[in-house]
Structures are given as C-alpha cells and as structure tokens.
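Presented below is the structure to which this report refers.
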Amino acid sequence: SLILSIESSCDDSSIAITDIETKKLVYHKKISQELQHSVYGGVVPELAARLHVEALPKILEECKEYFPRLKAIAVTNAPGLSVTLMEGVTMAKALSISLDLPLIAVNHLKGHIYSLFIEKEEVLPMTVLLVSGGHTQLIEANSLNDMKLIASTLDDSFGESFDKVAKMMNLGYPGGPIVQEKALKGDENRFELPVPLRQSPNIEFSYSGLKNAVRMKLEKLEKEGLCEEDVCDICASFEKTAVAHILQKVKKLFKQKIPKNFAIVGGASANIRLRTAIEELCKANKINLYLSELKYCSDNAAMIGRVAVEQYKNKEFITVDKIDVKTRLKEF
Ligand code: ATP
Ligand code: FE
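Note that the UniProt record's numbering has the sequence shown beginning at 4, numbered continuously upward.
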C-alpha cells in the first residue's frame, strides 16, 4: 500500500510515493526553480505557480505505474505561497476524485520535522530548531499532533537573512549556499557586526538589525569599489554573527532544561557552521542530536509523505470541499 504526496509550497515541485508499512520511498522526484528565480534575487510567486503547472504533471506522468497500489493522496496545504500551494492542492483534489482515494492535508513545517524520519521510525519527543526560508523557530515536538512553539523570529528568518545579504551583493538566489561558500574563503573577524538581541533575556530571534548592519558596512565599502575579498569577508562575518545569535538563544533554552533529543531541520539546516556549532553544544551537554540528510533539508515531497503515513494510520483525512490553502499558521 502506497501514498502519493505532493509538495509545491514555494519554488520546488516535488512528488513522492511512500510505502505505508515500511516507510520506504518507492519514488521521489523534485524539480527546483532556483535558476529561474535567481535573476530576481528571490522567489516570484506568479512565476513559481506557472512553473509548478509545467513541472508537477511532468513528474506525475513518471509514476503512473504505482497508481493501482495507492491508498491515499497527500498534499502540503500550509504554510507557503498561496498561489503555489494551490497548484499542488488542485492536483491532489483531481487525483483524489479520479482515483477515488482519501485526501490528506499536510502541514509543511511538520514535514520539515519529519524529514528526520524519512525511511525511518520516528523519534519523539524532541526539541526542534526549524530554520528555513520563512521560519526560525524552536518547537517542542511531543508527537505529530502535539507540537508547541517555544520561540520564533520577530522579523526576518535565518535563511531569509542569507538570501537578503546575497541579494545586496547581487550574488543570486538562494543566498544560503552562496554566502556559505564565500564565507569559507573570507575573514570572519574583519567586520564587527552586532549579535542580535544579545541583552534580551527572552528566547526569540531577530535578523533585520543584522541585515541592516551588513547593508551599512557594504555602503561604506562600495564607495571605494567592492572587491571579491570584501565580499568573502562580509559573508564570513555575517555568517559567524547569524550563527552566534542562534547559539546564544539555544544555550539559553538548555539552561532552562536540557532536552534528551534535539534536532535542526529546514532548508537552512544545511548550513555547516550552524550544524557544527550545535553539534558541539549538544555533545557538551550529552544531548542526542538529529539532523536530516542534506538532500532532505530543503523542500521535498518525501517529508510530506512521511507525515502522511502517520496521518493515514490515524485516519486524518479531509474532503475535497474542505481542504484549503493557508499562507501562515498560528498554531501547529
Ligand atoms: P518555509 O519552509 O519556512 O516555508 P522555504 O520552504 O522557502 O520556507 P526551505 O526550502 O526550507 O524554505 O529553505 C530555504 C532557505 O534555506 C533559503 O532561505 C536558503 O537561503 C536557506 N539555505 C539553504 N542552504 C543554506 C545554507 N547552507 N546556509 C544558510 N541558509 C541556507
Ligand atoms: Fe520549507
């Protein structure tokens, strides 16, 4: 018995087919639109939706052979860009009706958390750091339907700040991997940047101040002409500070209570500096650290399928007239 899952919440068109009993992936494909959005320095929603219209049916054609064994259709319905979510949801509705299969609506953020458990058993409870393009959150994940938000960002997200810093220097999109690459060659101590909310006793995040500090340094440098060395040094100093901010707040959380299990998920969890810093912190505190495989950090349908397997077992279905897309979610 298989589940077909669809992901289209942002700029990745992806479909997976997961075996309900073994949790193994029978099929998984993703077509990324990064190149098409790169010239704009960010995702253009209308363009993204059009590209999903092209890509999703193309992928679907490839997995027709599995249709007879399908037991349910799952799709990301929130949070994300409404026009792109709609493409996946519309396809899921059509499949549900034509194949006469139940429909499962999946929360994209739970998907990122379950990227840890693709082709594996779930390990919960767990404290999770979710760092992605739209979110920077600390979550107490007790079970699939018992997740509590502990902290989030007051403004920009961790991943978004990499995108914006890259855009300031016309480095392309997504900024995360590009800034990380340049940072490796740069001097992280050349520019002094303020660690956000350093004095605040609260566990919360903020990236707009750091972004503006980078902008000001760049404006100064640009007067004399920005060279490659400047770019690399800015990237290194920025990345160091962005990670230091996360680390400070996670340390604060561990002061309150040391969790048994901790995890980092989301597209920006691919960041090596962040992974290394958290690895050391968890080791020092004897916390089990879980990381998603690099290929499952960014958006994909395999993680949606993994959540769907649990929802299928719980019989958490939704009807075609009830399913709706949501840009943001207040609660899990
Ligand atoms: P959300 O999941 O919050 O809806 P999203 O799905 O758009 O947002 P993801 O695909 O999970 O986000 O992650 C993409 C983000 O991760 C981008 O902002 C990208 O720059 C960032 N990112 C990717 N790799 C790295 C890296 N190595 N370092 C820092 N950031 C990174
Ligand atoms: Fe995502």
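Where a beta carbon is used, it is the ideal one built from N, C-alpha and C, also for glycine.
Determine the closest residue to A81 out of S146, A58, E122 and E10, with distance taken between C-alpha atoms. E10
Could you tell me if S101 is buried or exposed, where buried requires 16 or more neighbouring beta carbons within 10 angstroms of its beta carbon? exposed
Could you round the C-beta distance between D159 and Y210 to whole angstroms and report it? I think they count as a contact, below 8 Å. Yes, they are in contact, since the Cβ atoms of D159 and Y210 sit about 4 Å apart, within 8 Å.
In whole angstroms, what separates the C-alpha of P199 from that of T279? 20 Å
Compute every distance between the C-beta of N274 and the non-hydrogen atoms of ligand 1, then say whether any falls below 7 Å. yes
Touch test, the region 165-179 against the region 270-279, Cβ-Cβ under 8 Å, three pairs minimum: Contact between the region 165-179 and the region 270-279 is present: three or more C-beta pairs spanning the two stretches fall below 8 Å.
Is any heavy atom of ligand 2 found at a distance shorter than 7 Å from the C-beta of C300? no
Counting C-beta neighbours from all protein chains within 10 Å, is the total for D302 16 or more, i.e. buried, or is it exposed? buried
Once the 5 residues before and after Y299 are set aside, which same chain residues still bring their CB inside 8 Å of it? S118, I121, A305 and M306
8 Å Cβ cutoff met for A154 and L141: yes
Helix or strand or just coil, what does DSSP make of D56? The sequence given here has Val at residue 56, not Asp. V56 falls in the helix class under three-state DSSP.
Boundaries (first-last residue) of the alpha helix (DSSP H) holding F165: F161 to M171
Enumerate in chain order the residues of its own chain whose CB-to-CB distance from V217 is below 6 Å, with the five nearest sequence positions on each side excluded. V168 and F241
Please identify the residue among H138, K214, P128 and E283 whose C-alpha is closest to the C-alpha of M150. Proximity to M150 across H138, K214, P128 and E283 peaks at P128, based on C-alpha coordinates.
Helix, strand or coil at Q140 [DSSP, three-state]: strand
Using CA atoms only, rank isn't needed, just tell me which of S35, S164, A58 and G228 is closest to residue 3. This structure cannot speak to residue 3, because the chain is shown only from 4 to 335.
Which residue marks the beginning of the alpha helix (DSSP H) containing V234, and which one marks its end? E231 to Q259
Going straight from the alpha carbon of T244 to that of P197, what length do you get? 7 Å
Where in the region 261-299 do unbroken runs of the beta strand (DSSP E), each at least 3 residues long, occur, reported from the N-terminal end onward? 264-268 and 291-294
What residue range does the beta strand (DSSP E) around K32 cover? L28 to S35
Leaving aside the five residues before and after K188 along the sequence, list all residues of the same chain whose C-beta is less than 7 Å from its C-beta, in chain order. C235
Please report the distance separating the alpha-carbon of L221 from that of V246. 20 Å
Using C-beta distances below 7 Å, list every residue in its chain close to V86, excluding the 5 sequence neighbours before and after it, in chain order. P48, E49 and A52
Closer than 7 Å: is that where the CB of G178 sits relative to any heavy atom of ligand 2? Not under cutoff, so the answer is no.
Considering only residues of the same chain and omitting the five flanking positions on each side of V29, which have a CB-CB separation below 8 Å? L5, I20, T21, D22 and Y69
First and last residue of the uninterrupted beta strand (DSSP E) at N80: L73 to A81
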